[in-house]
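Peer 1: Taken in order, the sequence shown gives residues 1 to 573; the numbers are from the UniProt record's numbering.
Where a beta carbon is used, it is the ideal one built from N, C-alpha and C, also for glycine.
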Amino acid sequence: MAEQADGAVDGAAAPTGGEDAADTCSAYQLLSKARQLVPSALEQARRSKGFTARWKTVESKIEHLPECLSDLSSHPCFSRNDIFREQLQSVCRTLTEVIELSRRHGDGDEQPCIGKLQMQSTLDSLSGKLDLNLKDCRLLMKTGVLEEYTLPRTAAPNPAEPDPAHSNVGELLARLHIGHDEAKHRAVDGLLAAMKEDDKVVTSALSRSNIAALVHLLMAASPRIREKAAEVIRMLIELGICEELLVSEGVLPPMIRLAESGSSVSRESAVASLRGLSRSPDTARCIVGHGGVSQLVEMCQTGDSITQAAAAAALRNLSAVPEVRQPLVEEGIIRVMINLLGCGMVSGCKEHAAECLQNLTASNDSLRRAVLADDGLRSLLLYLDGPSPPESAVGALRNLVGSVPPEMLISMGLLPRLLHAMWAGSVGAQQAAASAICKISTSSEMKKSIGEVGCLPLLISMLDAKTNGAREVAAQALSSLMSYSQNAREVKKDIRSVPNLVHLLETSPHNTAKKYAVACLLRLSTSKRCRKLMISYGAVGYLKKLSEMDIVGSKRLLERLERGKLRSLFSRR
Numbered sequence: 001m002a003e004q005a006d007g008a009v010d011g012a013a014a015p016t017g018g019e020d021a022a023d024t025c026s027a028y029q030l031l032s033k034a035r036q037l038v039p040s041a042l043e044q045a046r047r048s049k050g051f052t053a054r055w056k057t058v059e060s061k062i063e064h065l066p067e068c069l070s071d072l073s074s075h076p077c078f079s080r081n082d083i084f085r086e087q088l089q090s091v092c093r094t095l096t097e098v099i100e101l102s103r104r105h106g107d108g109d110e111q112p113c114i115g116k117l118q119m120q121s122t123l124d125s126l127s128g129k130l131d132l133n134l135k136d137c138r139l140l141m142k143t144g145v146l147e148e149y150t151l152p153r154t155a156a157p158n159p160a161e162p163d164p165a166h167s168n169v170g171e172l173l174a175r176l177h178i179g180h181d182e183a184k185h186r187a188v189d190g191l192l193a194a195m196k197e198d199d200k201v202v203t204s205a206l207s208r209s210n211i212a213a214l215v216h217l218l219m220a221a222s223p224r225i226r227e228k229a230a231e232v233i234r235m236l237i238e239l240g241i242c243e244e245l246l247v248s249e250g251v252l253p254p255m256i257r258l259a260e261s262g263s264s265v266s267r268e269s270a271v272a273s274l275r276g277l278s279r280s281p282d283t284a285r286c287i288v289g290h291g292g293v294s295q296l297v298e299m300c301q302t303g304d305s306i307t308q309a310a311a312a313a314a315l316r317n318l319s320a321v322p323e324v325r326q327p328l329v330e331e332g333i334i335r336v337m338i339n340l341l342g343c344g345m346v347s348g349c350k351e352h353a354a355e356c357l358q359n360l361t362a363s364n365d366s367l368r369r370a371v372l373a374d375d376g377l378r379s380l381l382l383y384l385d386g387p388s389p390p391e392s393a394v395g396a397l398r399n400l401v402g403s404v405p406p407e408m409l410i411s412m413g414l415l416p417r418l419l420h421a422m423w424a425g426s427v428g429a430q431q432a433a434a435s436a437i438c439k440i441s442t443s444s445e446m447k448k449s450i451g452e453v454g455c456l457p458l459l460i461s462m463l464d465a466k467t468n469g470a471r472e473v474a475a476q477a478l479s480s481l482m483s484y485s486q487n488a489r490e491v492k493k494d495i496r497s498v499p500n501l502v503h504l505l506e507t508s509p510h511n512t513a514k515k516y517a518v519a520c521l522l523r524l525s526t527s528k529r530c531r532k533l534m535i536s537y538g539a540v541g542y543l544k545k546l547s548e549m550d551i552v553g554s555k556r557l558l559e560r561l562e563r564g565k566l567r568s569l570f571s572r573r
């Protein structure tokens, strides 16, 4: 290939006719033109007088071009890929500018035709263009940015016929690395279109170097490039692609800056990206460490409905990491989340706020007190008045009720809302409501009030729930409430109570509700009818095994049932 290139140089005349002619030249013709321009540009740079240091810099960079041109001509894709033609066109344009500037400046015997400051600026610009030419040429050769796409081509059904889509995407990805800003902008545009058409073609061609190039474009001078690069990265994160690679390539600081001061489009993409990345606890810690919390908190207060919901979701993810909760609180997250419960623009935003409060109050008494001090309990209760109480809000209430006097809870209308959650909520909401009932049933008066609002039938229904957690918390709540005699009588009247509780005597280690079921059945065993039902549903067999496992109350309950069986046997005789 190198010999072929040299032959082409010898046989091809330097193209003439300006920019239009260069557009129609082959790669070999452009290579010949560049090689002819190098000595002329070098001579002109050496002859130029004045601004000696700047001309010396230009000269030293031109001296490195022949080696780069030789490397380009030896590349297997030299004659087949337009990127090489474009690179050579750029080199020729830069060298022509050097020659023309030197001629306009003169040989030092005449005054320059442009001002001193303008001349300095022009020389600096030329030096920058030469830098870019050298960098792009070396990138094409040394980093293998094009070779990465030769393998996917041979993976097509017929190796002789490369996959056009994959080939095009490979070229677009290569263009992210090289050229001026406008060329990179067109490349990112093409990449966005390709992802919308078939994201798998793009994601299968991505490499670490491409990810690094995308991250670098987030810091480009052009706002349009930053917007498009942020959108591509957002799409990759939403697909669950390259998240760890993006973080390792430094995506967080520029994303946080875009969230803070980018255009509205950039901010939307940046916040959506932070939401996706914050799902990882390690990345969540990094977001906090890079100062991303303040921007997310601000978005919850000033953003539109899309960015507000995305920011609230990101903060929810951050709040799930215990060690970063205190920094969140210091940024004012509690007040912001409580405000969102009442005035969030979309329902999803309110749910994210409730989940965030649930996380914050999970195991920290000081944070619970802070939520209560900001009237968070009342806001959560009002949020529960909707048709389908969300699990997160009920869970946050469950975390808070232990820190509030029972009389206040009753006066604020907690019990009807817990009943509503158990009736209309999801399994998770029902479980959280039953857990809250366990926490507040600390006195006879409270147990009486809970029984009177109608919670007992719903708890009995939950004994037959699909999840072990829901069954356990329902049995625990019943065992506590049945210490109040009127509640015990109500449970005895319900025909579902005995069969549901006996079913929970199953001895599997996964059944964590059995000890509470034994406690409930002990209270019911004072009734002859209930004892007969327990026996008929097979409680004796379960209790024999539970007695061997030393489950509290199982031996005592077994004795009562066996005495009942003996009495029944003698009476029949």
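Drop a sphere of 10 angstroms on the beta-carbon of L217, count the other beta-carbons inside from all chains shown, and report buried for 16 or more, exposed for fewer.
Peer 2: buried
Peer 1: Provide the residue span of the alpha helix (DSSP H) that contains T203, from first to last.
Peer 2: 181-203
Peer 1: Between the beta-carbon of L561 and the beta-carbon of S554, is there less than 8 Å?
Peer 2: In terms of Cβ geometry, L561 and S554 do not form a close pair [threshold 8 Å].
Peer 1: Are the CB atoms of A310 and A362 within a distance shorter than 8 Å?
Peer 2: no
Peer 1: Please go through the same chain and pick out, in chain order, the residues whose beta-carbon is closer than 7 Å to the beta-carbon of M482, but skip the five residues on each side of it.
Peer 2: Result list for M482: A488, V491, C520, R523, in chain order.
Peer 1: Since I believe V329 is in contact with A370 (beta carbons under 8 Å), could you give me their beta-carbon distance rounded to a whole number of angstroms?
Peer 2: About 7 Å separates the two Cβ atoms, so the contact holds.
Peer 1: Three-state secondary structure (DSSP) at M412?
Peer 2: Taken through DSSP and simplified to helix, strand or coil, M412 comes out as coil.
Peer 1: Roughly how many angstroms separate the alpha carbons of Q295 and V38, rounded to a whole number?
Peer 2: 51 Å
Peer 1: Find the nearest neighbour of M446 within the set N468, R471, S411, judged by alpha-carbon distance.
Peer 2: S411
Peer 1: In chain order, which alpha helix (DSSP H) runs of at least 4 residues are fully inside the segment 512-540?
Peer 2: 514-524, 528-536
Peer 1: Put I178 into one of helix, strand or coil per three-state DSSP.
Peer 2: coil
Peer 1: Grab me the residues of I211's own chain with a C-beta within less than 7 Å of its C-beta, minus the 5 sequence neighbours each way, in chain order.
Peer 2: C242, L245, L246, E249
Peer 1: Does the ligand MN have a heavy atom nearer than 7 Å to the CB of V188?
Peer 2: With respect to small molecules bound, the structure shown includes none, and the ligand MN cannot be examined in it.
Peer 1: Report the rounded CA-to-CA distance for D374 versus G344, giving the unit in angstroms.
Peer 2: 17 Å
Peer 1: Decide yes or no for the touch test of the segment 68-75 against the segment 92-101: beta carbon pairs closer than 8 Å, at least 3 of them.
Peer 2: no
Peer 1: How big is the Cα-Cα spacing for M337 and L367?
Peer 2: 13 Å
Peer 1: Report all residues from its chain with a CB closer than 7 Å to the CB of L340; omit the five preceding and five following residues, and keep chain order.
Peer 2: C300, A312, C349, K350, A353
Peer 1: Is E490 helix, strand or coil by DSSP?
Peer 2: helix
Peer 1: Report the three-state DSSP secondary structure of S278 (helix, strand or coil).
Peer 2: coil
Peer 1: When burial is assigned at 16 or more other CB atoms within 10 Å of the CB, is E231 buried or exposed?
Peer 2: Flag for E231 reads buried.
Peer 1: Determine the closest residue to I178 out of I551, K196, L214, with distance taken between C-alpha atoms.
Peer 2: L214
Peer 1: Between the C-alpha atoms of S102 and A221, what's the straight-line distance to the nearest angstrom?
Peer 2: 29 Å
Peer 1: Does the beta-carbon of S443 have 16 or more other beta-carbons within 10 angstroms, so that it is buried, or is it exposed?
Peer 2: exposed
Peer 1: Can you grab the Cα-Cα spacing for the pair P499 / V552, in whole Å?
Peer 2: 20 Å
Peer 1: Buried or exposed: where does L126 fall if 16 or more other Cβ atoms within 10 Å of its Cβ makes it buried?
Peer 2: buried
Peer 1: Within this structure, are the beta carbons of I225 and V188 separated by less than 8 Å?
Peer 2: yes
Peer 1: Quick check on T283: does DSSP put it in helix, strand or coil?
Peer 2: helix
Peer 1: Quick check on this structure: which residue in L459, N511, A432 has the alpha carbon closest to the alpha carbon of S497?
Peer 2: L459
Peer 1: For S435 and R398, which I take to be in contact (beta-carbon distance under 8 Å), what is that distance rounded to the nearest angstrom?
Peer 2: Sure, about 5 Å apart at Cβ, within 8 Å.
Peer 1: Measuring straight from C-alpha to C-alpha, what distance separates E548 and K466?
Peer 2: Distance from the CA atom of E548 to the CA atom of K466, rounded to whole angstroms, is 27 Å.
Peer 1: What whole-angstrom Cβ distance do L315 and C356 have, given they're in contact under 8 Å?
Peer 2: 6 Å
Peer 1: Mind reading off the beta-carbon distance from L501 to L463? Whole number of angstroms is fine, and I expect it under 8 Å.
Peer 2: 6 Å
Peer 1: Under 8 Å between the Cβ atoms of A421 and L381?
Peer 2: no
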